[in-house]
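What follows is a short report on a single structure.
In my numbering, the protein residues as written are 143 to 403.
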């Protein structure tokens with residue numbers, strides 16, 4: 143990432159103009175003159191732009207995907223038939239599909255940067271039965287092996303660059319695999335959807351065994367990568383809703399672009 147040179151004035155600093163000394167030509171005496179107020183305003187304006195760009199880069203990854211280590215809020219559902227996941231590697235331990243905006247790929251392309259990463263998840267509310275107060279299931283650690291695409295799953299996985307929450311107001315979603323037992327220990331009996339919290343954790347906290355890759359290009363490098371924003375498998379394609387010229391450049395080159403691109 144490229145950084146602009148630190149400016150001599152900080153945002154929020156007093157606007158009293160500093161004085162600098164110069165030698166008056168021909169007289170050899172010091173004359174105090176104020177720094178241009180216009181220059182000061184320009185410097186502060188550039189600093190504001192710089193801070194805004196840093197904020198954007200802190201939360202967005204290559205391709206416009208939104209990938210952070212959390213903690214944060216999420217919704218949770220369950221699905222079966224998860225032995226041919228988008229990452230290309232199934233597992234015997236608890237696994238889940240993650241919403242596309244964080245998964246980091248497009249349906250049919252293959253793995254995204256979420257592949258292989260592990261998350262601690264806790265359910266604490268049923269959005270369809272808000273009067274239910276528990277007991278809830280266990281806090282568990284799941285490994286992401288699959289994608290929950292926007293198409294066909296708008297209610298839960300419809301987060302986009304423009305609207306980063308699903309229909310339940312949740313910025314993240316995990317679809318837990320029924321086949322390997324994750325859903326059975328996470329969801330209380332009679333409840334198939336929950337909201338709660340999540341946080342990326344080291345995969346040393348996950349229990350399970352990875353199976354053999356099911357296709358060329360399969361990837362679960364996230365299990366050995368550092369927590370986000372560290373890169374594992376990398377992202378592919380554009381995030382849902384990413385369509386501008388800058389988004390396309392960042393998808394091709396990541397965020398290692400000049401700030402004025």
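We put the CB at the ideal spot given by N, CA and C, even for glycine. Source: prediction; values computed, not measured.
| Check | Outcome |
| --- | --- |
| Status (buried if at least 16 other CB within 10 Å, exposed otherwise) for residue 277 | exposed |
| Anticipated Cβ contact below 8 angstroms, residue 214 with residue 314, distance rounded | 6 angstroms |
| Given residue 331 as reference, the closest of 383, 252, 290, 268 once Cα atoms are compared | 268 |
| Sequence-distant residues of its chain with Cβ nearer than 8 angstroms to residue 350 (five each side left out) | 233, 234, 235, 236, 237, 285, 322 |
| Segment contact flag, the region 290-310 with the region 251-262, C-beta cutoff 8 angstroms, min 3 pairs | no |
| Sequence-distant residues of the same chain with beta carbon closer than 8 angstroms to residue 224, five excluded per side | 232, 237, 239, 287, 288, 319, 320, 321, 322 |
| Beta-ladder partner(s) of residue 341, from DSSP | 262 |
| Secondary structure of residue 290, DSSP reduced to three states | strand |
| DSSP state of residue 346 mapped onto helix, strand, coil | helix |
| CB of residue 203 within 8 angstroms of CB of residue 265, strictly | no |
| Residue environment, residue 366, which counts as buried when at least 16 other CB atoms sit within 10 Å | exposed |
| Beta carbon of residue 218 nearer than 8 angstroms to that of residue 263 | yes |
| Where residue 319 falls: helix, strand or coil (DSSP) | strand |
| Proximity of residue 448 and residue 216 at Cβ, strictly below 8 angstroms | This structure leaves residue 448 out entirely; the chain is present only between 143 and 403. |
| For residue 244, the first and last residue of its enclosing alpha helix (DSSP H) | 242-245 |
| C-beta atoms of residue 244 and residue 342 nearer than 8 angstroms | no |
| Identified DSSP bridge partners for residue 214 | 340 |
| Residue 298: first and last residue of the uninterrupted alpha helix (DSSP H) it sits in | 296-299 |
| Three-state secondary structure (DSSP) of residue 372 | coil |
| Distance between residue 295 and residue 383 (C-alpha atoms, nearest Å) | 15 angstroms |
| Nearest neighbour of residue 359, chosen from 251, 345, 344, 327 [CA to CA] | 251 |
| Three-state secondary structure assigned by DSSP to residue 203 | coil |
| Nearest-angstrom beta carbon gap, residue 328 and residue 297 [assumed within contact, 8 angstroms] | Their Cβ separation, rounded to whole angstroms, is 19 angstroms, which puts residue 297 and residue 328 out of contact at 8 angstroms. |
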